[in-house]
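S.K.:
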Ligand code: 6GU
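Residue numbers (the working numbering): 284 to 523.
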């Protein structure tokens, strides 16, 4: 079955954008996933086709109208009742590899892309929408965030990646950063590929990679070490 994405946006021409290239682009051509970009403005009803208005209470910028978005969302919920409806917003819940795996295992996703200062909060109260953020920084709109989420899902679809990594090996699947990589030449600018990786001893290689994954995670992402430790303490096997 085709994994289907429906995007609600004021900029449908931004899709598939980079996802029309490389791995995702080939998979799109092969029908492994499909994309529909819907123009939110088509659900505006006034003669100026307005989708936003000034913020209640005052302040900078404009807010996307609940009435216009409500009609756009109802259209996608009717046509794609099976797919979860997400809204890209820096106020959303943080995107994780676990959530990406859940989405990739489903039938697809409908994604509302916010623009301007935000979306009228009543939309989230009145419709089953999951707000999602891709990190602690502010983008000018949800479109780049939606492309990021889609890329993370698409690479997990069956037939997209040549040799899929096992769950344990990949970054974040184990709760750690992935180990560092090396290739030829064996010496470059006086630096050699670590001896362990040239040993041909698979147990030694695995042990070195595990140690480096832990060491690098400790240095770069101490927040992950804290969570990894908690998860291991919760299950006797140490698996997550
Ligand atoms: Cl999902 N949208 C916007 N506009 N900014 C973001 C974001 C999303 N995630 C992080 N920053």
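We treat Cβ as the ideally placed atom computed from N, Cα and C, and that holds for glycine.
Can you tell which of 295, 296, 302, 285 has the C-alpha that lies nearest to the C-alpha of residue 432?
M.R.: Selected option, being the one with the closest Cα: 302.
S.K.: Leaving out the 5 sequence neighbours to the left and right, which residues in its chain are closer than 7 Å to residue 520 when beta-carbon positions are compared?
M.R.: With a pLDDT of 48 at residue 520, under the threshold of 50, the predicted position of this residue should be treated as unreliable, though the coordinate-derived value follows. So the list is empty, once near-sequence residues are dropped.
S.K.: How about residue 406 and residue 353: are their beta carbons less than 8 Å apart?
M.R.: Cβ atoms of residue 406 and residue 353: closer than 8 Å.
S.K.: From residue 526 to residue 311, what does the alpha carbon distance come to, in whole angstroms?
M.R.: Lying outside 284 to 523, the shown extent of the chain, residue 526 is not represented and no answer is given.
S.K.: For residue 522, collect the residues of the same chain with a Cβ closer than 6 Å to its Cβ; drop the 5 residues on either side in sequence, then sort them by chain order.
M.R.: Because the pLDDT at residue 522 is just 43, under 50, the model does not fix this residue reliably, and the value given afterwards should be weighed accordingly. So the list is empty, once near-sequence residues are dropped.
S.K.: Please return the same chain residues whose Cβ sits closer than 8 Å to the Cβ of residue 440, not counting the five positions on each side in sequence.
M.R.: The answer, listed in chain order, is 286, 310, 315, 316, 387.
S.K.: Beta carbon of residue 392, beta carbon of residue 378: below 8 Å?
M.R.: Result no, Cβ atoms of residue 392 and residue 378 do not sit closer than 8 Å.
S.K.: Tell me the DSSP secondary structure of residue 361 in three-state form.
M.R.: In this structure, residue 361 counts as helix in the three-state DSSP scheme.
S.K.: Are residue 496 and residue 462 closer than 8 Å when you measure CB to CB?
M.R.: Going by C-beta atoms, residue 496 is nearer than 8 Å to residue 462.
S.K.: Could you say which of 318, 504, 467 lies nearest to residue 459 if we only look at CA atoms?
M.R.: Measuring from the Cα of residue 459, the nearest candidate turns out to be 504.
S.K.: Tell me which residues share the same chain as residue 430 and place their Cβ nearer than 7 Å to its Cβ, disregarding the 5 neighbours each side in the sequence.
M.R.: The residues are 300, 301, 302.
S.K.: Based on Cα-Cα distance, which residue from 435, 333, 365 lies nearest to residue 399?
M.R.: Checked all of 435, 333, 365; the closest Cα to residue 399 is 333.
S.K.: Distance check for residue 403 and residue 470, CA to CA, integer angstroms please.
M.R.: Each residue's Cα considered, the two are about 58 Å apart.
S.K.: Short check: CB of residue 426 to CB of residue 294, under 8 Å?
M.R.: The answer is yes: Cβ separation under 8 Å.
S.K.: Indicate, with yes or no, if ligand 1 has a heavy atom lying under 7 Å from the CB of residue 373.
M.R.: The answer is yes for residue 373.
S.K.: Could you tell me the boundaries of the alpha helix (DSSP H) in which residue 405 lies?
M.R.: From DSSP, the alpha helix (DSSP H) with residue 405 extends over 405-409.
S.K.: Cα separation between residue 321 and residue 347?
M.R.: Residue 321 and residue 347: Cα-Cα distance of roughly 16 Å.
S.K.: Thinking residue 416 and residue 375 are a contact (beta carbons under 8 Å), I'd like their distance in whole angstroms, please.
M.R.: Between residue 375 and residue 416 the Cβ distance is about 4 Å, and since that is below 8 Å, they are a contact.
S.K.: Would you mind giving the Cβ-Cβ distance between residue 436 and residue 359, rounded to the nearest angstrom? I have them listed as a contact below 8 Å.
M.R.: At roughly 17 Å, the Cβ-Cβ gap does not stay under 8 Å, so residue 436 and residue 359 are not in contact.
S.K.: Excluding the 5 residues flanking residue 306 on each side, which residues of the same chain have their C-beta closer than 8 Å to its C-beta?
M.R.: For residue 306, where only same-chain residues beyond five positions count, the Cβ hits under 8 Å are 437, 438, 443, 444.
S.K.: When you compare each of 372, 493, 395, 401 to residue 342 by their alpha carbons, which one comes out closest?
M.R.: Nearest option by C-alpha distance: 401.
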